[in-house]
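Undergrad: Questions regarding the structure given below will be posed in turn.
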Amino acid sequence: MLPQQERHHKTITLLGIFFIVFFLCSWTLAASIVESRTVPETGAPQQVLPETANPKVSPTEPEPEPESSADSVGQPPVSTEVPNSSLPTEPPASMTQAELLEKAFLPQPFSLEVLRGKNDSDNKRIAITFDDGPHTDLTVKYLTILREKRVPATFFFVGQLAEKNTDLVRTVVAEGHDIGTHSHTHKKLTCLKEPQIKQDLINSATTICNITQQPVAYFRPPYGATNSKVSGIAHELGQTVITWNVDPRDWDTTNPQQIIAQVLKQVRPGSIILLHEGKAQTLQALPVIIDRLREQGYEFVTISDLFGFRPHQQAVPATAGTDESANDPVSPISIPDNNNTAPATAPTTTSTPDTSDKVESAVPGNTHSSSAQPTIELSTVPSATN
446 MLPQQERHHK TITLLGIFFI VFFLCSWTLA ASIVESRTVP ETGAPQQVLP
496 ETANPKVSPT EPEPEPESSA DSVGQPPVST EVPNSSLPTE PPASMTQAEL
546 LEKAFLPQPF SLEVLRGKND SDNKRIAITF DDGPHTDLTV KYLTILREKR
596 VPATFFFVGQ LAEKNTDLVR TVVAEGHDIG THSHTHKKLT CLKEPQIKQD
646 LINSATTICN ITQQPVAYFR PPYGATNSKV SGIAHELGQT VITWNVDPRD
696 WDTTNPQQII AQVLKQVRPG SIILLHEGKA QTLQALPVII DRLREQGYEF
746 VTISDLFGFR PHQQAVPATA GTDESANDPV SPISIPDNNN TAPATAPTTT
796 STPDTSDKVE SAVPGNTHSS SAQPTIELST VPSATN
């Protein structure tokens, strides 16, 4: 019996040891499984933290990039988003192209003649006019003299220069002076084709109108060179052509005394005096010219007041008592067809036929020669030319 009991105890002992070992192995295995599952969970936040930290840095990096790109490109990046709300308050976006064309021109010109002065022996009224502006440096100085002397004047602006000096254009209008166009590019219009002439006049008038928000009633051709084609297109658009009958040739001298002497010699009642903004000698001569002419009893007026025109009211065609030189004979020149300006985009109207290629000299009675004058440089400070 003893051997059997001993075997039974040994068996129980072995089974107990087996179950203990099995339990320990099972517990160890279970613990390893639990650890393998809990380590990623506890490690995940550690990996998430850097990811949540990176977004905090990345938003600060893209923010400067749009600012730097906007700075390098200029206004376009801003204008693609902001203009939707801001542009309606700016003059260029306040009118469509069609509305601008309609506003820039009067329905009809005040006169179908080229006005060079007025026969007015009873009233010693004269008009001082300036070409080739606005001038970046000198226009303000001319305005100062005119303000101090209480003299109204008329400025004929080149469209491309007006576009670069919009504040000066507005200042001239604000101080009560008249404004006209002197073409957009200062090319000799008698040498261009009709579509090119028309486009040039449209560009200059709409540019200035977009700045002043007023119609541009007057046009002075560069170099005073006009013919039936040029004046006909201007009249067709509703502009009155203004030239001059007093030309001191201030662009051809550096002596202010010579300018003064020529003005005093040529002036008469109803005169239109031609001066240029881009000459320092003209600036020096202007105060003396004003004082001397006032001593002789002359009164200074704008072109509108000289002829009794009202640019901001509907125009009515009239002869307006023009100077007799308007009908003087003129010399012919040929008109080359070597320009490639794009056709005009103006509304279709009936154009005045060009029955003559003769160029009308601005002042047939004096020694003025438009072909002798230097061409105005639009890319730099403008030189003094008609």
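In my numbering, the protein residues as written are 446 to 831.
Ideal Cβ placement from N, Cα and C applies to all residues, glycine included.
Within 10 angstroms of its Cβ, does HIS453 collect 16 or more other Cβ (buried), or is it exposed?
TA: Counted from its first residue, the sequence shown places residue 453 at position 8. Exposed, because fewer than 16 other Cβ atoms sit within 10 Å of the Cβ of HIS453.
Undergrad: Assuming ILE704 and GLN726 make a contact with CB atoms under 8 Å, what is their CB distance in whole Å?
TA: Here residue 704 corresponds to residue number 259 of the sequence shown, with the count starting at 1. Here residue 726 corresponds to residue number 281 of the sequence shown, with the count starting at 1. Correct: roughly 6 Å between the Cβ atoms.
Undergrad: Assign CYS470 to one of two classes, buried (16 or more other C-beta atoms within 10 Å of its C-beta) or exposed (fewer than that).
TA: Along the sequence shown, read from residue 1 onward, the residue named residue 470 stands at position 25. Exposed, by the Cβ-count rule.
Undergrad: Thinking C-beta only, is ILE718 closer than 7 Å to VAL746?
TA: Translated into positions along the sequence shown, residue 746 becomes position 301. Translated into positions along the sequence shown, residue 718 becomes position 273. In this structure, ILE718 does not lie closer than 7 Å to VAL746 by Cβ.
Undergrad: Assuming the contact rule is C-beta atoms closer than 8 Å, ALA598 and ILE573 should be a hit. Round their C-beta distance to whole Å, please.
TA: By one-based count along the sequence shown, residue 598 stands at place 153. By one-based count along the sequence shown, residue 573 stands at place 128. That belief holds up - the Cβ atoms of ALA598 and ILE573 are roughly 5 Å apart, short of 8 Å.
Undergrad: Within 10 angstroms of the Cβ of LYS710, are there 16 or more other Cβ atoms? Answer buried if so, exposed if not.
TA: Locating residue 710 in the sequence shown gives position 265, where the first residue counts as 1. The residue in question, LYS710, is exposed, as its Cβ has fewer than 16 Cβ neighbours within 10 Å.
Undergrad: Could you compute how far the alpha carbon of LEU546 sits from the alpha carbon of ALA607?
TA: Looking up residue 546 in the sequence shown gives position 101. Looking up residue 607 in the sequence shown gives position 162. Spanning the two alpha carbons is a distance of roughly 17 Å.
Undergrad: List the DSSP bridge partners of GLY625.
TA: Looking up residue 625 in the sequence shown gives position 180. Per DSSP, PHE601 and TYR663.
Undergrad: Closer than 8 Å is the cut-off here; do at least three beta carbon pairs connect the segment 634 to 652 with the segment 578 to 591?
TA: Result no; under three Cβ-Cβ pairs closer than 8 Å.
Undergrad: Quick one: give me the first and last residue of the beta strand (DSSP E) that ARG570 is part of.
TA: Within the sequence shown, the letter at position 125 stands for residue 570. Counting along the chain, the beta strand (DSSP E) containing ARG570 begins and ends at 570 to 578.
Undergrad: Could you check the C-alpha separation between GLN542 and ILE687 for me, to the nearest Å?
TA: Reading the sequence shown from its first residue, position 97 is the one you call residue 542. Reading the sequence shown from its first residue, position 242 is the one you call residue 687. Approximately 26 Å, taken between the alpha carbons.
Undergrad: So what does VAL752 bridge to, in DSSP terms?
TA: On the sequence shown, residue 752 is found 307 positions in, with the first residue counted as 1. Val is not the amino acid found at residue 752; the sequence shown has Phe there. None; PHE752 has no bridge partner.
Undergrad: Whole angstroms is fine: what's the gap from SER716's alpha carbon to LEU551's?
TA: Taking the sequence shown and counting its residues from 1, the one referred to as residue 716 is at position 271. Taking the sequence shown and counting its residues from 1, the one referred to as residue 551 is at position 106. Spanning the two alpha carbons is a distance of roughly 25 Å.
Undergrad: Who are the Cβ neighbours of PHE754 in its own chain at under 6 Å, not counting the five residues just before and after it?
TA: What you label residue 754 is simply residue 309 of the sequence shown in a count that begins at 1. Hits under 6 Å: PHE555.
Undergrad: The alpha helix (DSSP H) spanning LEU588 covers which residue range?
TA: Residue mapping note: residue 588 aligns to position 143 of the sequence shown, counting from 1. Note, LEU588: alpha helix (DSSP H), 583 to 594.
Undergrad: Might you give, ordered along the chain, the residues of its own chain that have their beta carbon closer than 7 Å to the beta carbon of PHE602, omitting 5 neighbours on each side?
TA: Numbered from 1 along the sequence shown, position 157 holds the residue referred to as residue 602. Contacts found: GLY578, PRO579, VAL614, ILE624, THR626, HIS627 and ILE653.
Undergrad: Would you report the Cα separation of GLU722 and THR671, rounded to the nearest angstrom?
TA: Here residue 722 is taken as the residue at index 277 of the sequence shown, counted from 1. Here residue 671 is taken as the residue at index 226 of the sequence shown, counted from 1. Roughly 22 Å separates the two Cα atoms.
Undergrad: Looking at C-alpha atoms only, which residue of ASN700, LYS586 and TYR668 is the closest neighbour of THR616?
TA: Taking the first residue of the sequence shown as 1, we reach residue 616 at position 171. Ranking ASN700, LYS586 and TYR668 by Cα distance to THR616 puts LYS586 first.
Undergrad: Taking DSSP as the reference, what is the three-state secondary structure of HIS631?
TA: Within the sequence shown, residue 631 is the residue found at index 186, counting from 1. Note: HIS631 maps to coil in three-state DSSP.
Undergrad: According to DSSP, is PHE745 part of a helix, a strand, or is it coil?
TA: Taking the first residue of the sequence shown as 1, we reach residue 745 at position 300. In this structure, PHE745 counts as strand in the three-state DSSP scheme.
Undergrad: Can you say whether LEU731 is buried or exposed, counting buried as having 16 or more other CB atoms within 10 angstroms of its CB?
TA: The residue given as residue 731 occupies position 286 in the sequence shown. Flag for LEU731 reads buried.
Undergrad: Quick check on this structure: which residue in THR657, GLY621 and PRO667 has the alpha carbon closest to the alpha carbon of LYS633?
TA: As a position in the sequence shown, residue 633 is number 188, starting the count at 1. Ranking the options by Cα distance to LYS633, first place goes to PRO667.
Undergrad: Please return the same chain residues whose Cβ sits closer than 7 Å to the Cβ of LEU583, not counting the five positions on each side in sequence.
TA: Locating residue 583 in the sequence shown gives position 138, counting from the first residue. Within the same chain, LEU583 has close Cβ partners GLU722, GLY723 and LEU728.
Undergrad: HIS629 and GLY604: beta carbons closer than 7 Å?
TA: Within the sequence shown, numbered from 1, the residue matching residue 629 stands at position 184. Within the sequence shown, numbered from 1, the residue matching residue 604 stands at position 159. Yes.
Undergrad: With a 10 Å radius around its C-beta and 16 neighbouring C-beta atoms as the bar for buried, classify SER566 as buried or exposed.
TA: Translated into positions along the sequence shown, residue 566 becomes position 121. SER566 should be labelled exposed.
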